[in-house]
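What follows is a single structure, written as structure tokens, with notes after it.
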Amino acid sequence: MKEFIAILKNELVKTIKRPRSFIGFGVVAFICLILQAAFYNDGREILSLVTGQLENSLSIEGNILNGNLVCFVLLQTLIIQMPLLVALVTGDLVSGEVANGTMRFLLTRPASRTKILVAKWLAGMFYTLLLLIFLGVLALFLSRALFGVNDLIYVNSEALTVLKANDLNWRFAGAFVIAFLSLSVVATLAHFLSTVLDNSITPIVSTMAIVIIFTIIGMFDMPSFNVIQPFLFTTHMISWKDMFEDPIPKQEIIKSCIILFAHIVLLLGSAVYIFNRKDINS
Amino acid sequence: MNYCIFYLTDLYVILGCVSAFEYLLCISKWIMPYAIEVNNIKKKFGDFVAVDDLSFNVPAGEIFGFLGPNGSGKSTTLRMMLALITPTAGSIDFFGKPLKKNRSEIMGRIGCIIEKPDFYTYLSAHDNLKLFARANGMDYSNADYKRLYDQVGLTGRANDKVKTYSHGMKQRLGLAQALLHNPDLIILDEPNTGLDPKGIIELRELLLKLNREEGKTILFSSHILSEVEELCDSLIVINNGKTVAQGRVDSLLSDEDLLVDIEIGKPEEGKALLESSPWQDLLREQKGNHFRLNLPMEEIPKVNAFLIDKGIDLISSSYRKRLEDYFLRITEGA
Numbered sequence: 053m054k055e056f057i058a059i060l061k062n063e064l065v066k067t068i069k070r071p072r073s074f075i076g077f078g079v080v081a082f083i084c085l086i087l088q089a090a091f092y093n094d095g096r097e098i099l100s101l102v103t104g105q106l107e108n109s110l111s112i113e114g115n116i117l118n119g120n121l122v123c124f125v126l127l128q129t130l131i132i133q134m135p136l137l138v139a140l141v142t143g144d145l146v147s148g149e150v151a152n153g154t155m156r157f158l159l160t161r162p163a164s165r166t167k168i169l170v171a172k173w174l175a176g177m178f179y180t181l182l183l184l185i186f187l188g189v190l191a192l193f194l195s196r197a198l199f200g201v202n203d204l205i206y207v208n209s210e211a212l213t214v215l216k217a218n219d220l221n222w223r224f225a226g227a228f229v230i231a232f233l234s235l236s237v238v239a240t241l242a243h244f245l246s247t248v249l250d251n252s253i254t255p256i257v258s259t260m261a262i263v264i265i266f267t268i269i270g271m272f273d274m275p276s277f278n279v280i281q282p283f284l285f286t287t288h289m290i291s292w293k294d295m296f297e298d299p300i301p302k303q304e305i306i307k308s309c310i311i312l313f314a315h316i317v318l319l320l321g322s323a324v325y326i327f328n329r330k331d332i333n334s
Numbered sequence: 005m006n007y008c009i010f011y012l013t014d015l016y017v018i019l020g021c022v023s024a025f026e027y028l029l030c031i032s033k034w035i036m037p038y039a040i041e042v043n044n045i046k047k048k049f050g051d052f053v054a055v056d057d058l059s060f061n062v063p064a065g066e067i068f069g070f071l072g073p074n075g076s077g078k079s080t081t082l083r084m085m086l087a088l089i090t091p092t093a094g095s096i097d098f099f100g101k102p103l104k105k106n107r108s109e110i111m112g113r114i115g116c117i118i119e120k121p122d123f124y125t126y127l128s129a130h131d132n133l134k135l136f137a138r139a140n141g142m143d144y145s146n147a148d149y150k151r152l153y154d155q156v157g158l159t160g161r162a163n164d165k166v167k168t169y170s171h172g173m174k175q176r177l178g179l180a181q182a183l184l185h186n187p188d189l190i191i192l193d194e195p196n197t198g199l200d201p202k203g204i205i206e207l208r209e210l211l212l213k214l215n216r217e218e219g220k221t222i223l224f225s226s227h228i229l230s231e232v233e234e235l236c237d238s239l240i241v242i243n244n245g246k247t248v249a250q251g252r253v254d255s256l257l258s259d260e261d262l263l264v265d266i267e268i269g270k271p272e273e274g275k276a277l278l279e280s281s282p283w284q285d286l287l288r289e290q291k292g293n294h295f296r297l298n299l300p301m302e303e304i305p306k307v308n309a310f311l312i313d314k315g316i317d318l319i320s321s322s323y324r325k326r327l328e329d330y331f332l333r334i335t336e337g338a
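Chains as they are written, first to last, in my numbering: chain A, 53 to 334; chain B, 5 to 338.
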């Protein structure tokens, strides 16, 4: 255990000190701040256009453009970009070291390959969590500080949903947990491809290609696609939105979490199996 | 107990249970334990056989040379020895224990540089070594690091990022990480590549010190054959994945004549003299005033004195290192 903790500490140090790791934080900060600035300047005008259409059927009082709504919009926007930011770091964890030659030095230490690979995966998870916490702080807390706290009113595909302000904190927390699980699948997929492939860029590109292909398959309501859609992780990556339904579809969320978790176990197990048999030739 | 083993082995030989070779092998292991035993290893990449039935032993406490031309299977063998790639067949033992079952323990006793020294370039040399020390379960103090930097010549540069290092500096850092955990066995693949002459001398002195004073076993691979000849007790030469020569350096080279290059002032006169001298059959080549002879070491001063006595101006006289000739002959002939 002591040996594993030492290896994990090494992986965390490397992940934190790599210049590439900061790209994700930079992108998240940039998008959050630029959207918050846009909402601050033009948000009320745009919202009045939307609410103006509803004025004949219902009366809306209070501050609709509040921190909760801005956070909700930011999450919808950034969850699409986050897989790329996560893959940028986790897709390079193994293949990057193989390509750079540092893997030779790493594997000639007493720690087993399984420990090294799992430590790398955990470092990837840690990075994903850190990125998501950073997003949470900027999207939720900064938005609330700038725009205030009020009820969340949004229109989904079926109806206008109103969620009380005091009913939102746990929903955001739950949404972040599900988003973390979703991004963990992407991170684990990138980590798996990084184990299989030997160059630094291909696992990152391949991860994004898989996410895009699966998302496209998930978009079309066709019988042949409908068969596989429930098993694609991309179908369940948007389950975080279910936390803002009223009532919350608990069964659906649990099912999605199980499928996402199964993906993680399968991908990590395969990565360990392959890595233990891999020849390091570079 | 050891006497008992001896007695039983004698008895088995008498009874014809083991061959004399096996008996000798048993005795030699008992007297001189091996740090490395490579037994009939083979590595295939698809249809290509990179290493073919290779066997050799490295006695504990020796400096062992591991030689071969480019593409001979040298790096593949070293990678198999360090569990970076899996042999298709055969086994490798370190300190009497199979690598396959004792990888973790064995790796804790080995320090190595394989191919080029690669590090995390965005970190300083000190931070890189801290990572490796932690991976080896070492708790190094600043004084320990300082001693290590002094030993490998990195003092004053340890806090610089590795991306600012020259290849020679990276080699020094590579050596530092290999020595970091005070290993019993040091495997060095081309450790003097990129080092300046001072660095090569320092490395040689350091390796000799580690071997002679601390009893460390060193497996040393290099294309600088004069260094191998100077450092190694025994060596193996491989080519096309197979053993070409193996043995003690002295015994491998003892029968070899040197290639001696002589430059003289009066070439025609000198040629006539040499052709009528006792060394007439050993004259190999003449280009202008340059002559090349195959001579034993002790004959070189005699030839020089002979020419001077006969009034020939001797401009220069030099010989090529014996291992170079030996290496070229056996690898080109293979």
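Beta carbons are placed, not taken as given, at the ideal position from N, Cα and C, and that holds for glycine. Given the structure is predicted, the values throughout are model-derived calculations rather than measurements.
Taking a cut of 8 Å between CB atoms, which residues from the segment 104-119 of chain B lie near chain A? Arg107, Ser108, Glu109, Met111, Gly112, Ile114, Cys116, Ile118, Glu119
Can Ala242(A) and Thr142(A) be called in contact, C-beta distance under 8 Å? In the first sequence, the residue the question calls residue 242(A) occupies position 190. In the first sequence, the residue the question calls residue 142(A) occupies position 90. Yes, these two residues count as a Cβ contact at 8 Å.
What is the DSSP secondary structure of Thr213(A), reduced to helix, strand or coil? On the first sequence, position 161 is the one that residue 213(A) refers to. It is a strand residue.
When the cut-off is 8 Å and only beta carbons count, does Asp144(A) lie next to chain B? Taking the first sequence and counting its residues from 1, the one referred to as residue 144(A) is at position 92. Not an interface residue.
Asn298(B) by DSSP, collapsed to three states: which one? On the second sequence, position 294 is the one that residue 298(B) refers to. Strand, per DSSP.
Do Ile256(A) and Ala139(A) have their CB atoms nearer than 8 Å? As a first step, residue 256(A) must be located in the first sequence, where it is residue number 204. As a first step, residue 139(A) must be located in the first sequence, where it is residue number 87. Yes; because the gap between Cβ atoms is below 8 Å, this pair is in contact.
Going along the segment 152-173 of chain A in order, which residues come within less than 8 Å of chain B, judged by CB to CB distance? Asn152, Gly153, Thr154, Arg156, Phe157, Leu158, Leu159, Thr160, Arg161, Pro162, Ala163, Ser164
Spatial neighbours of Leu192(B) in its chain, beta-carbon cut-off 6 Å, leaving aside the 5 residues before and after: Along the second sequence, one-based indexing puts residue 192(B) at 188. For Leu192(B), where only same-chain residues beyond five positions count, the Cβ hits under 6 Å are Ile117, Phe224.
CB-CB under 8 Å to Arg124(B), same chain, minus the five flanking residues each way: which ones, in chain order? Numbered from 1 along the second sequence, position 120 holds the residue referred to as residue 124(B). Reading off the sequence, residue 124(B) comes out as Tyr, not Arg. Here the set comprises Asp131, Asn132, Leu135, Val166.
Leu29(B), DSSP secondary structure in three states: Taking the first residue of the second sequence as 1, we reach residue 29(B) at position 25. Because Leu29(B) sits at a pLDDT of 49, beneath the cut-off of 50, its placement in the model cannot be relied upon, and the following sentence gives the value as read from the coordinates. Helix.
In three-state DSSP terms, what is Cys116(B)? The residue labelled residue 116(B) in the question sits at position 112 within the second sequence. In this structure, Cys116(B) counts as strand in the three-state DSSP scheme.
From Asp221(B) to Arg208(B), what does the alpha carbon distance come to, in whole angstroms? Within the second sequence, numbered from 1, the residue matching residue 221(B) stands at position 217. Within the second sequence, numbered from 1, the residue matching residue 208(B) stands at position 204. Note that residue 221(B) corresponds to Thr in the displayed sequence, not to Asp. Looking at the two C-alpha atoms, the distance is approximately 14 Å.
Using 8 Å as the threshold, is the segment 85-100 of chain B in touch with the segment 181-191 of chain B, meaning 3 or more CB pairs across them? yes
Does any C-beta atom of chain B lie closer than 8 Å to the C-beta of Val65(A)? Position 13 of the first sequence holds residue 65(A). It does; some Cβ of chain B falls within 8 Å.
Sort out for me which residues DSSP pairs Gly320(B) with in a bridge. Translated into positions along the second sequence, residue 320(B) becomes position 316. Sequence check: residue 320(B) is Ser here, not Gly. Ser320(B) pairs with Glu267(B).
In three-state DSSP terms, what is Tyr330(B)? Looking up residue 330(B) in the second sequence gives position 326. Three-state result, Tyr330(B): helix.
Taking all protein chains shown into account, do 16 or more other C-beta atoms lie within 10 angstroms of the C-beta of Ser128(B), making it buried, or fewer, making it exposed? As a position in the second sequence, residue 128(B) is number 124, starting the count at 1. Label assigned to Ser128(B): buried.
Less than 7 Å between C-beta atoms, sequence neighbours within five positions excluded: which residues of the same chain meet that for Asn308(B)? Mapped onto the second sequence, residue 308(B) falls at position 304. Within the same chain, Asn308(B) has close Cβ partners Leu318, Ser321.
Three CB pairs or more closer than 8 Å across the segment 72-79 of chain B and the segment 229-245 of chain B: yes
So, is the C-beta of Pro71(A) closer than 8 Å to a C-beta in chain B? In the first sequence, counting from the first residue as 1, residue 71(A) sits at position 19. Yes, Pro71(A) lies at the interface with chain B (some Cβ there is under 8 Å from its Cβ).
Ser238(B) lies in the beta strand (DSSP E); which residues open and close that run? The residue you call residue 238(B) lines up with position 234 of the second sequence. Residues 238-243.
Counting C-beta neighbours from all protein chains within 10 Å, is the total for Trp222(A) 16 or more, i.e. buried, or is it exposed? For the purposes of this step, residue 222(A) is taken as the residue at position 170 of the first sequence. Exposed, since its Cβ has fewer than 16 Cβ neighbours within 10 Å.
Mind checking if Ile89(B) is an interface residue toward chain E, Cβ cutoff 8 Å exclusive? This model lacks chain E altogether; the protein chains it does include are A and B.
Residues that Ala58(A) contacts on chain B, provided the C-beta gap is smaller than 8 Å: Within the first sequence, numbered from 1, the residue matching residue 58(A) stands at position 6. Within 8 Å Cβ-Cβ: Arg138, Ala139, Gly141.
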